[in-house]
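Some notes on the structure that comes next.
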Amino acid sequence: MTFAIAAAQLPPHDDSDDKVFTTPTAVIVLDGASAHAPVPVDPSTYAHTLGGTLRDHLDRTPEVDLAHVLDDAITDSTARLGLTAGASPSSTVTILRRRGDHVDMLTLGDNLVVLPGRTIIDPRLDHLDIPERHHYRQRLADGTGFDDTHRALLAALQRKQADRRNDPRGYWIAEADPAAAHHAIRDTVPIDHIPWAVVATDGAYTPMRHLDIADWAAISALSDAGLHHILTRCHIWEYDIDPDARVLARAKRHDDKTLVAVRFT
Numbered sequence: 001m002t003f004a005i006a007a008a009q010l011p012p013h014d015d016s017d018d019k020v021f022t023t024p025t026a027v028i029v030l031d032g033a034s035a036h037a038p039v040p041v042d043p044s045t046y047a048h049t050l051g052g053t054l055r056d057h058l059d060r061t062p063e064v065d066l067a068h069v070l071d072d073a074i075t076d077s078t079a080r081l082g083l084t085a086g087a088s089p090s091s092t093v094t095i096l097r098r099r100g101d102h103v104d105m106l107t108l109g110d111n112l113v114v115l116p117g118r119t120i121i122d123p124r125l126d127h128l129d130i131p132e133r134h135h136y137r138q139r140l141a142d143g144t145g146f147d148d149t150h151r152a153l154l155a156a157l158q159r160k161q162a163d164r165r166n167d168p169r170g171y172w173i174a175e176a177d178p179a180a181a182h183h184a185i186r187d188t189v190p191i192d193h194i195p196w197a198v199v200a201t202d203g204a205y206t207p208m209r210h211l212d213i214a215d216w217a218a219i220s221a222l223s224d225a226g227l228h229h230i231l232t233r234c235h236i237w238e239y240d241i242d243p244d245a246r247v248l249a250r251a252k253r254h255d256d257k258t259l260v261a262v263r264f265t
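With the working numbering as the guide, the letters of the sequence shown map in order to residues 1 to 265.
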């Protein structure tokens, strides 16, 4: 192995839209987007298929260009699931891969990657100015909770986001268009610059930020159990303190949560 990994998910992998896959040289983290409008397969199936395909490709060709391997994996997953661009589930993708004395990074979508002295996130979806997003957040702050109007706003928001998906005027995400892979945020850094890295899906890092759980160097050294404790703390806060999202606006009470800590050796 060229790295040590600890990971936690809430709920567990099989019950979550978040997925984690590893190879001897790479870690892959995906977050299937919750579908508030009908899609041909559920987000968990899509993320599982895409992540497994990425793992298999990286197992066979461990030093392949990451954008090209994601392009191939989207193409293969789209064919396997019978998907059509613009009418399919989507997923974030983050890949950390050790290659000799360097670490290659690719991220597409709003997973958070934290390195010593540096944070990487794809902001393009969050920068879209869509009225329904502001509306549902204001309603939650007003105490309406997750009612039928909330769900209708989320469906309308997702339709408008889909109109701008994988478009230069909007944002890029893994779906059924392999060209999205070539618009990912990428970097390669010497391994002695990043002894550790932490990857978190938005269901984890959003409440973590609110609760000021931000000692990322310490988090990077935690075991599976230690990472799971953080996720449980966030889950309990959502359930007991802010069950209707009045304090921390979010689409649902509990989003799926994933934390992965990597130590390069």
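The beta carbon of each residue, even a glycine, is placed where N, CA and C say it ideally should be.
Within the same chain, 101, 102 come within 7 Å of residue 190 by CB-CB distance, once the 5 residues on both sides are set aside. For residue 197, the closest alpha carbon among the candidates 216, 23, 73 is that of 216. Fully enclosed alpha helix (DSSP H) runs of no fewer than 4 residues occupy 66-81 of the segment 46-111, in order along the chain. Secondary structure at residue 185: strand, using DSSP grouped into helix, strand and coil. With a threshold of 16 other beta carbon atoms within 10 Å, residue 55 meets it and is buried.
Contact fails between the segment 159-175 and the segment 230-239, because fewer than three Cβ pairs, one in each stretch, are under 8 Å apart. Here the segment 16-29 makes contact with the segment 85-98; the two share three or more CB pairs at distances below 8 Å. CA-to-CA, the gap between residue 46 and residue 85 works out to about 13 Å.
Residue burial annotation: residue 77 is buried, with at least 16 other C-beta atoms found within 10 angstroms of its C-beta. The closest CA to that of residue 42, considering only 7, 66, 90, is found on 90. The beta carbon of residue 182 sits closer than 8 Å to those of 67, 71, all from its chain and outside the five residues before and after it, given in chain order.
Residue burial annotation: residue 149 is exposed, with fewer than 16 other C-beta atoms found within 10 angstroms of its C-beta. At least 8 Å separates the beta-carbon of residue 12 from that of residue 75. Spanning the alpha carbons of residue 162 and residue 88 requires a straight line of approximately 9 Å. Linking residue 3 to residue 145 through their CA atoms gives a straight-line distance of about 43 Å. The beta carbon of residue 210 is closer than 7 Å to those of 248 in its chain, skipping five residues each way along the sequence. Shown here, residue 160 sits in a helix according to DSSP, grouped into three states. If you look at residue 144, you'll find it isn't in any beta strand (DSSP E); DSSP assigns it neither H nor E. Taking a contact to require three or more Cβ pairs closer than 8 Å, the segment 114-123 and the segment 134-141 do not qualify as touching. In the three-state DSSP reduction, residue 35 falls in the coil class, being neither helix nor strand. For residue 227, the uninterrupted alpha helix (DSSP H) run begins and ends at 224-240, by DSSP.
Each residue's CA atom was taken as its position, placing residue 137 and residue 255 some 15 Å apart. Residue pairing by DSSP places residue 18 opposite 31 in a beta bridge.
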